[in-house]
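Numbering of the sequence shown is given in our numbering, commencing with residue 336 and proceeding in unit increments.
What follows is a set of notes on a single structure, which appears directly below.
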Amino acid sequence: YDSNAGMDTDYHPMFAENQLITVVGRPWKLGFTTLPDFGLSVDHNQPIVVGAAGVLISLLLSGVTFVLANNQALADSRADRMTATVRENARKLRRQNDFLAALQATRLGLLSHQRLEDTLHQIVERAAELAGTRHGYLFQREPDGDEMVMRVGTGFFEQRVGDRIKPGQSVAGVAWHTGQPAVVNDYPNWPGRVPSPIFDQLTSLAGVPLKVGDQVVGVIGLGYVQGDAGSFAEDDMMRLAQIGELASLALENAQLFNQAETELSERTKAQSELRKAYDELELRIEERTAELRTLNQISLVINEQSDAADIAREVGEQLRHIFHTDNAYIALYDGQSNLISFPYVVRQGHIEKIKPLAFGPGMVSRILRTTQALILRADAQQPPVDFEAELMGVPVGTYVGVPIMAGDEALGVIGVQGGEGEGTLAESDVRLLTTIAANVGVALGRSKLLQEAQQRARQEYLARSIVTQISNSVDPSTILQATARQLSHALGASHAVIRIGAPTNAPDGRGESHPASSSD
336 YDSNAGMDTD YHPMFAENQL ITVVGRPWKL GFTTLPDFGL SVDHNQPIVV
386 GAAGVLISLL LSGVTFVLAN NQALADSRAD RMTATVRENA RKLRRQNDFL
436 AALQATRLGL LSHQRLEDTL HQIVERAAEL AGTRHGYLFQ REPDGDEMVM
486 RVGTGFFEQR VGDRIKPGQS VAGVAWHTGQ PAVVNDYPNW PGRVPSPIFD
536 QLTSLAGVPL KVGDQVVGVI GLGYVQGDAG SFAEDDMMRL AQIGELASLA
586 LENAQLFNQA ETELSERTKA QSELRKAYDE LELRIEERTA ELRTLNQISL
636 VINEQSDAAD IAREVGEQLR HIFHTDNAYI ALYDGQSNLI SFPYVVRQGH
686 IEKIKPLAFG PGMVSRILRT TQALILRADA QQPPVDFEAE LMGVPVGTYV
736 GVPIMAGDEA LGVIGVQGGE GEGTLAESDV RLLTTIAANV GVALGRSKLL
786 QEAQQRARQE YLARSIVTQI SNSVDPSTIL QATARQLSHA LGASHAVIRI
836 GAPTNAPDGR GESHPASSSD
C-alpha cells in the first residue's frame, strides 16, 4: 500500500524462488515457490492482514534458523566423538598389528633353529617393546628344580643376568610359586620387594610363568623404572602371557632337542662301542686264526723231527718270521748234568753258538725255577738281570721268556726279544708264544720218550746178545770179553773193563780183570 499515492498497489514477494539466503552464517537455498498474484487489490481497510502475514513468515524463518543451528551443533559433537573413536580404534589396531608382527617374528625365530639364548633374548626384547619399556627379563629353572637363574636381561635387568631366586622370592618367584601371572604397579611399597637399594628405582614389575605341561620351567617379565610413565594393565598382561607361551615353546623345544641330542649321543656312543667290540672281536678272530695257522705250521715242522736239538732249531726259525725279530733263542735243560744248552740262538739277525751254562742265576734259570713267563719292558722298573745282556748283547726293548713244559717238568725256555725302536710284544704275542712253548714241550716230551724207548731197546738188544754169546760158550774168559765188547759198543765207549770179585776166602781178595780189546 502506497500511502503517498493514496492507492493500493499489487503485492510483490520479497524473495524469489531458489534464491540463496544466509542464515546463522551458513548459505541456504529457498525451496518454496513465489507467492502467486491473487489478482486482488488490498483495501485501505485491511492493513492488519498484511502485517500478520509478515510476522508469521518471520517466525517461520526464525524457527527454521534455530532448528538448523541446533542440528549443526549436534552434528559437530557427534563428529568429534566419532573422530576420537576412530583414532582410538586405529591406535588399538596398530598395537594389535605390532603384537601380531612380534608373534610372527617370534614364531619364525623358533622355526629357524637358532640358538636358544638368541631366541629367548629376542622374545624378551619384543615383549618389552610392545609394553613401551626397555626393561625385561627371563628366568629359567635349573635341572635340579630348586632355583631359577636369570638367563636373559635387558635394560635394568641386563646387569642382573645370573641372579638366582627361589619360589616366592620377588615377583618372578611369586609367579613361579603360584603358577599364575603376577603384577605389582607400586613396587616401592610392595611388602615382597627385594630389600636392596639396587631395586629402589623399580616402579612396576610383572612376571608370567612359563610352563611345559603343568610344570613351571621359567618366568618372563617386564618392568618400569623411575622416569618411565607406564604401568601394567590387563591387556599388557594378556599380551605378555601370549608371548610367554612362545617362550615356553622355545624352552620345550630346547628341552626336546637336548633330550634328542642326548639320546642320539648315547645311541652314537652305543653304536661306537658296539662297533669297537665288533672290531675287537674281528681282530681276535684274525689273531686266533693266525695263531692257529702258525701253530699248524709249527706242528708240521715238529712232527717231522725227533731230535730235541733239531726241533729247537726248526721252531727258532719259525719264531723269527712270526714275531719279526732278530733276537731269539731256545734253551734246553738237562737235569742230569744240570746244564742249560742253547741249540738255537739268533742275535741281531745272525745265528750264533753259545756254550752250555750251568743252572743258577740269570733269566733262563729263573724261568725254569719258577715255571712262569717273564716279561721285561724298557719303560718298566725291572730287577737287573745279567744273563740276557750276556746272551743277547743288545739293549732290551721288550723281552718275553716262557718255559717249555712237559707236564710239571720244565724242559727249557723260549725267549724272544725286541730291541730298542722295534715293535713291542703285545699280550697276544705272549699268549701265542706260550702256546708254541706248550706244543714244543709236547714234542720234546715225545722225543724224550722216544729216546728212552730207543735206549731201552738197545739195552734189551744188548742183553739178548750177551745172553746168546754166553749160552754158546762155556769159557768164562770168552764170555767176559764178549760182554765187554757189547757194552763198549752199546755205550759208545772206547774201553770197557769187567772186574770179577774174588771169593771172600781168597787169599788176596782180588778179582780177575778182562779188558775189552782196544780195537773194539
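Ideal Cβ positions, reconstructed from N, Cα and C, are used throughout, including at glycine.
What residue range is occupied by the uninterrupted alpha helix (DSSP H) comprising residue i?
| i | result |
| --- | --- |
| isoleucine 637 | 569-638 |
| glutamine 475 | Looking at the DSSP string, glutamine 475 is not in any alpha helix (DSSP H); the run it does join, the beta strand (DSSP E), is 470-476. |
| threonine 489 | Run containing threonine 489: none in the alpha helix (DSSP H); it sits in the beta strand (DSSP E), 483-489. |
| glutamine 550 | Premise fails: glutamine 550 lies in the beta strand (DSSP E), 550-560, not in any alpha helix (DSSP H). |
| alanine 462 | 451-465 |
| arginine 704 | 698-705 |
| valine 506 | 505-513 |
Name the residue from the options whose alpha carbon lies nearest to the alpha carbon of residue i.
| i | options | result |
| --- | --- | --- |
| histidine 656 | Ile646, Gln632 and Ala666 | Gln632 |
| arginine 476 | Glu621, Ile500, Asn673 and Gln640 | Ile500 |
| glutamate 493 | Asn524, Val459 and Ser531 | Val459 |
| proline 478 | Gln594, Gln707 and Ser531 | Gln594 |
| alanine 463 | Thr454, Asp571, Asp415 and Pro532 | Asp571 |
| leucine 537 | Arg469, Gln816 and Leu618 | Arg469 |
| glycine 488 | Trp511, Thr513, Glu452 and Val506 | Glu452 |
| threonine 706 | Gln457, Arg682, Tyr522 and Asp743 | Asp743 |
| glutamine 859 | Ile555, Pro811, Val421 and Gly527 | Since the first residue shown for the chain is 336 and the last is 855, residue 859 is missing from the structure and cannot be characterised. |
| valine 681 | Thr513, Asn662 and Ala643 | Asn662 |
| threonine 629 | Ser700, Thr769, Asn807 and Gly542 | Thr769 |
| arginine 781 | Asp642, Phe567 and Ala419 | Asp642 |
| proline 811 | Glu598, Thr733, Leu797 and Ile833 | Ile833 |
| arginine 701 | Ile675, Arg712, Glu687 and Val506 | Ile675 |
| valine 529 | Gln550, Val506 and Met483 | Val506 |
| histidine 512 | Gly480, Asp535, Asn524 and Asp498 | Gly480 |
List the endpoints of the continuous beta strand (DSSP E) containing residue i.
| i | result |
| --- | --- |
| threonine 538 | 537-547 |
| isoleucine 533 | Isoleucine 533 -> no beta strand (DSSP E), and no H or E assigned at all. |
| glutamine 653 | No beta strand (DSSP E) holds glutamine 653; the alpha helix (DSSP H) holding it covers 643-658. |
| valine 519 | 517-519 |
| valine 832 | 832-835 |
Work out the CA separation of residue j and residue i for me, nearest whole Å.
| i | j | result |
| --- | --- | --- |
| glycine 467 | leucine 591 | 33 Å |
| serine 539 | valine 519 | 6 Å |
| alanine 517 | glycine 508 | 9 Å |
| alanine 773 | glutamate 608 | 35 Å |
| isoleucine 835 | glutamine 789 | 29 Å |
| valine 751 | glutamine 821 | 45 Å |
| alanine 708 | valine 735 | 7 Å |
| serine 672 | glycine 747 | 14 Å |
| glutamine 504 | serine 583 | 21 Å |
| glycine 471 | arginine 413 | 42 Å |
| valine 560 | glutamine 515 | 23 Å |
| valine 552 | leucine 586 | 8 Å |
| glycine 293 | threonine 660 | The first residue shown for the chain is 336 and the last is 855, placing residue 293 beyond what the model contains. |
| proline 719 | arginine 793 | Note that proline 719 scores a pLDDT of 45, beneath 50, so its modelled location is shaky and nothing firm can be said. |
| tyrosine 522 | glutamate 569 | 17 Å |
| phenylalanine 373 | arginine 416 | Legend: pLDDT at phenylalanine 373 = 44, less than 50; position of this residue unreliable, value from coordinates given subsequently. In a straight line, the C-alpha of phenylalanine 373 is about 52 Å away from that of arginine 416. |
| leucine 575 | serine 531 | 26 Å |
| leucine 703 | proline 738 | 6 Å |
| leucine 465 | leucine 557 | 10 Å |
| serine 808 | glutamine 816 | 11 Å |
| isoleucine 749 | arginine 648 | 11 Å |
| leucine 473 | alanine 589 | 15 Å |
| tyrosine 679 | glutamate 652 | 9 Å |
| glycine 753 | aspartate 764 | 12 Å |
| isoleucine 686 | alanine 644 | 14 Å |
| serine 566 | alanine 541 | 9 Å |
| glycine 670 | alanine 745 | 10 Å |
Look up residue i in the DSSP assignment and give the residues it is bridged to.
| i | result |
| --- | --- |
| tyrosine 796 | DSSP lists no partner for tyrosine 796. |
| threonine 733 | Arg712 and Gly753 |
| proline 691 | Paired residue(s): none; proline 691 is not in a bridge. |
| isoleucine 739 | Gly747 |
| threonine 676 | Rather than threonine, the amino acid found at residue 676 in this sequence is serine. In the DSSP output, where bridge partners are listed per residue, serine 676 has Leu667. |
| arginine 682 | His685 |
| isoleucine 392 | DSSP, once it has assigned bridges, lists no residue as partnering isoleucine 392. |
| arginine 499 | Val484 |
| asparagine 662 | Gln752 |
Quiz item: Should the segment 795-803 be called in touch with the segment 777-784, which here means at least 3 C-beta pairs below 8 Å?
Solution: Three or more Cβ pairs closer than 8 Å define a contact, and the segment 795-803 falls short of that threshold against the segment 777-784.
Practice problem: Would you check if the segment 594-612 and the segment 480-498 touch, i.e. whether three or more CB-CB distances between them fall below 8 Å? | Solution: Judged by Cβ distances under 8 Å, the segment 480-498 makes no contact with the segment 594-612, as fewer than three pairs qualify.
Practice problem: Taking 8 Å as the threshold, find out whether the segment 539-552 comes into contact with the segment 562-579 through three or more Cβ pairs. | Solution: With a cut-off of 8 Å on Cβ pairs, the segment 539-552 is in contact with the segment 562-579, counting three or more such pairs.
Exercise. Could you tell me whether the segment 666-678 touches the segment 688-702, where touching means 3 or more Cβ pairs closer than 8 Å?
Key: The segment 666-678 is in contact with the segment 688-702.
Practice problem: Kindly confirm or deny that the segment 630-649 and the segment 611-622 touch, where touching means at least three C-beta pairs closer than 8 Å. | Solution: Because the criterion of three Cβ pairs below 8 Å is not met, the segment 630-649 and the segment 611-622 do not touch.
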